[in-house]
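Numbering (my numbering), first residue to last: 12 to 666.
Glycine is no exception: its CB is placed at the ideal position from the N, C-alpha and C atoms.
Here the structure is a predicted model, which is why all the values come from computation and not from measurement.
One structure is given here, and the rest of the page talks about it.
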Amino acid sequence: MTVTEKSMANAIRALAMDAVQAANSGHPGMPMGMADVATVLFSDFLKYDPKTPKWADRDRFVLSAGHGSMLIYSLLHLTGYARPTMQDIKDFRQLSSPCAGHPENFKLAGVETTTGPLGQGFATAVGMAIAERHLNAVFGDDLVDHKTWVIAGDGCLMEGINHEAVGLGGHLGLGRLNVLWDDNGITIDGGTELSTSEDIPARYRASGWHVVSCDGHDFDDIRKALSEAEADPRPSLIACKTVIGYGAPTKQGTSATHGAPLGDEEIAGARAALGWEPEPFVIPDDILTSWRQLGEKGAAARAEWEARLDGHAQAAEFNRRMAGELPDGKAMQTYMEGLAKDPPKWATRKASEMALGAITEALPEMIGGSADLTGSNNTKTPSTKPLTKDDYSGRYIYYGIREFGMAAAMNGMALHGGIIPYGGTFLVFTDYCRGAMRLSAIQNARAIYVMTHDSIGLGEDGPTHQPIEHIQSLRLMPNMHVYRPADAIETAECWALAIKRSDGPSTLALTRQGLAPFRDDVSTNRCEKGGYRVKSAENAKRVVLIATGSEVALAMAVAAQLEAAGIGADVVSMPCTELFDGQSAEYRNDLLGSDGILRVSIEAGTTFGWERYTGLDGLRFGIDSFGASAPIDDLFAHFGLTADAITPQILEKIG
């Protein structure tokens, strides 16, 4: 007897019910409600091959509503991915299982991006769709011709980032992006009418999207809607009217199915209602065979693509980019050698722009942008013409005032592969980007954040624009490398390190004000160790001054005053505390000095955290209040960040 689509969808529902019940934790409602839609998507529309899950021209599937993780775990298992195994699913939400509470891209092939924080999967998918269009423009249909499919819930569409992502996707005309909206009218608190009266389809249409609707439990209607979306040249929203917890006899259609196990009695009733007789975690052979046959359909398309790649003139370059490998070349070293011959007095944002000129010329995979601050962030170079809906071959994106959306799209480009994205805004606005930056770090995304105006040194714009706690807060984020360079050469070295890093994101904190050069040696990348000695004590060493960014010059001025008083002082530049912490104990102790040496930190931001380097008996100079609106020199004097203010306190401390 032929296996029906409803039976195949019910296999998803059964696994979702059983896994959540076994874990006594999870969200069964969304997988049960979207099982029919997902079945049609994986049967007739999604291009994938479970045996080659990283195939470059596969469609990207993003479960933005990541709380419904059992939907994707069920689909991956049923279609024949190596994992999750049935045991993995039985161990759902347990430490031993790759089936985490929310999907994690580094645990399972087939999970394209880590999701859970609502709206971010959707916005990340916009970046994936940008990557597909750009690489298609570069390499052509033979190598790049795929779509990005998203399942999103009401929460994803309510989050503020959704508005940013929808606006950007519509503006860029990303017709290969299709979003399946689980339109079930339910949030945790209850019906969506409690919190919103928005005409969602109208908003999407106004943003340049194609919108179509369907009955999410009518397979023919679903298929018709997805076909229409696939054919439309605009990005599409498919409103799938569904019942959350479909099949649960007393709880379907209510928030009771959203975030809690159904319970044994309700599951028994659902099994009866759905006509599902097997024991928990058992999939009948005929249904599993039908799913596995679906999973095998993509093998032919993948093999045909591989044949095209083998004979393609650009195969080597395509493979290099998709592998994330940097080309052989000395462009950066040549650039730095030029700097060393006549070190300039540049703001590090200007130094970043000049370094990017060399980098973007040498690395065609670099795609940059700014959240409406191009002239301030200095992120555009002669090599990066605009990327637009009329020319996807461009390499510069005008993101508009969409900091969060920009950061999430950068994640999508990085995770898609073939692109190294960078994007800029003011450092203070990392507050707007932070959710996406955190996901960059969690999922090892190679995204580079160019954050300028890094201290009170920006001057008259005042405390709303002057970052105080931001650098340290980013340093607190696991797997985020934060660089605060002190001159043009350090800036180039930090860029080289950020580009080279393939297992996580980097943030460059850059000045508005010009900084005097103090380096002319570029034989080795001294920033690679995170911290290094830029000046050795001339008198008997009693003090080590540790500084970052613009305050390295201040530390040098303090050291000069101390030496004049007969006090020997080392100066340490520490552009990246994360890299410094990874050095040997011998290196760190040699740099910071032994017992009896006074350690002093100087950074124009919060002093919080610097005690890990100065010790409790050291001195920490910074700003533990908000800033103020005034010219830069007045501000540094007001906050005591001058050599004349700092030196006497050091002399008093050492007696």
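Does residue i come out as helix, strand or coil in the three-state DSSP assignment?
{"i": "valine 14", "result": "coil"}
{"i": "histidine 49", "result": "Here the sequence assigns alanine to residue 49, which means histidine is not the residue at that position. Three-state DSSP puts alanine 49 in a helix."}
{"i": "glycine 138", "result": "helix"}
{"i": "phenylalanine 437", "result": "strand"}
{"i": "histidine 492", "result": "strand"}
{"i": "serine 612", "result": "strand"}
{"i": "tyrosine 624", "result": "helix"}
{"i": "glycine 380", "result": "strand"}
{"i": "phenylalanine 619", "result": "coil"}
{"i": "arginine 553", "result": "strand"}
{"i": "valine 582", "result": "strand"}
{"i": "tryptophan 66", "result": "coil"}
{"i": "proline 474", "result": "coil"}
{"i": "threonine 399", "result": "strand"}
{"i": "isoleucine 558", "result": "Position check: residue 558 holds alanine in this sequence, whereas isoleucine was assumed. Reduced to three states, the DSSP call for alanine 558 is strand."}
{"i": "arginine 106", "result": "As written in the sequence, residue 106 is leucine, which differs from the arginine given in the question. The answer is coil: DSSP assigns leucine 106 none of H, G, I, E or B."}
CB residue i to CB residue j, shorter than 7 Å?
{"i": "isoleucine 643", "j": "glycine 386", "result": "no"}
{"i": "serine 218", "j": "glycine 178", "result": "yes"}
{"i": "glycine 434", "j": "glycine 380", "result": "yes"}
{"i": "aspartate 70", "j": "histidine 145", "result": "no"}
{"i": "glycine 629", "j": "threonine 617", "result": "no"}
{"i": "glycine 542", "j": "valine 582", "result": "no"}
{"i": "valine 31", "j": "glycine 40", "result": "no"}
{"i": "methionine 424", "j": "alanine 382", "result": "no"}
{"i": "leucine 273", "j": "isoleucine 211", "result": "no"}
{"i": "aspartate 465", "j": "alanine 520", "result": "yes"}
{"i": "valine 161", "j": "serine 247", "result": "no"}
{"i": "serine 612", "j": "isoleucine 661", "result": "no"}
{"i": "threonine 502", "j": "alanine 358", "result": "no"}
{"i": "valine 555", "j": "leucine 627", "result": "no"}
{"i": "glycine 306", "j": "proline 61", "result": "yes"}
{"i": "glycine 121", "j": "leucine 87", "result": "yes"}
So who's on the other strand from residue i, going by DSSP bridges?
{"i": "tryptophan 160", "result": "Phe72, Asn189"}
{"i": "aspartate 194", "result": "Lys252"}
{"i": "cysteine 225", "result": "Cys251"}
{"i": "phenylalanine 632", "result": "Ile613"}
{"i": "valine 9", "result": "Since the first residue of the chain shown is 12 and the last is 666, residue 9 is not available in this structure."}
{"i": "isoleucine 546", "result": "Sequence check: residue 546 is lysine here, not isoleucine. According to DSSP, which records beta bridges pairwise, lysine 546 is partnered with Val582."}
{"i": "proline 39", "result": "Answer is none; proline 39 lacks a bridge partner."}
{"i": "leucine 526", "result": "Trp357"}
{"i": "isoleucine 408", "result": "Gly380"}
{"i": "glycine 541", "result": "None, per the DSSP bridge assignment."}
{"i": "glycine 202", "result": "Ile197"}
Give the straight-line distance between the Cα atoms of residue i and residue j, rounded to the nearest whole angstrom.
{"i": "asparagine 2", "j": "glycine 638", "result": "Nothing about residue 2 can be read from this structure; the chain reaches only from 12 to 666."}
{"i": "histidine 228", "j": "valine 254", "result": "8 Å"}
{"i": "isoleucine 657", "j": "glycine 651", "result": "7 Å"}
{"i": "aspartate 55", "j": "glycine 166", "result": "27 Å"}
{"i": "aspartate 353", "j": "glutamine 344", "result": "15 Å"}
{"i": "alanine 499", "j": "serine 363", "result": "8 Å"}
{"i": "alanine 163", "j": "serine 224", "result": "14 Å"}
{"i": "alanine 284", "j": "alanine 259", "result": "8 Å"}
{"i": "proline 64", "j": "tyrosine 84", "result": "14 Å"}
{"i": "isoleucine 298", "j": "histidine 427", "result": "32 Å"}
{"i": "glycine 560", "j": "methionine 377", "result": "25 Å"}
{"i": "aspartate 153", "j": "tryptophan 316", "result": "7 Å"}
{"i": "leucine 609", "j": "threonine 625", "result": "8 Å"}
Compare the C-alpha of residue i against each of the options and name the closest.
{"i": "valine 222", "options": "Asp243, Gln524, Arg234", "result": "Asp243"}
{"i": "glycine 666", "options": "Gly340, Arg24, Ser605, Arg553", "result": "Arg553"}
{"i": "leucine 384", "options": "Asp193, Ile408, Ser404, Ile249", "result": "Ile408"}
{"i": "asparagine 389", "options": "Phe529, Ser547, Met365", "result": "Met365"}
{"i": "lysine 17", "options": "Ala148, Lys664, Phe230", "result": "Phe230"}
{"i": "threonine 50", "options": "Arg216, Lys396, Leu82, Ala33", "result": "Leu82"}
{"i": "alanine 677", "options": "Asp339, Arg413, Thr359, Gly579", "result": "This structure does not reach residue 677, given that the chain is present from 12 up to 666, and the question cannot be answered."}
{"i": "alanine 570", "options": "Gly77, Lys546, Trp66", "result": "Lys546"}
{"i": "methionine 421", "options": "Phe437, Ala564, Val439, Cys444", "result": "Cys444"}
{"i": "methionine 347", "options": "Glu328, Gly368, His182", "result": "Gly368"}
{"i": "serine 301", "options": "Tyr257, Glu663, Met19, Asn600", "result": "Met19"}
{"i": "asparagine 173", "options": "Ser484, Ala447, Arg187", "result": "Ala447"}
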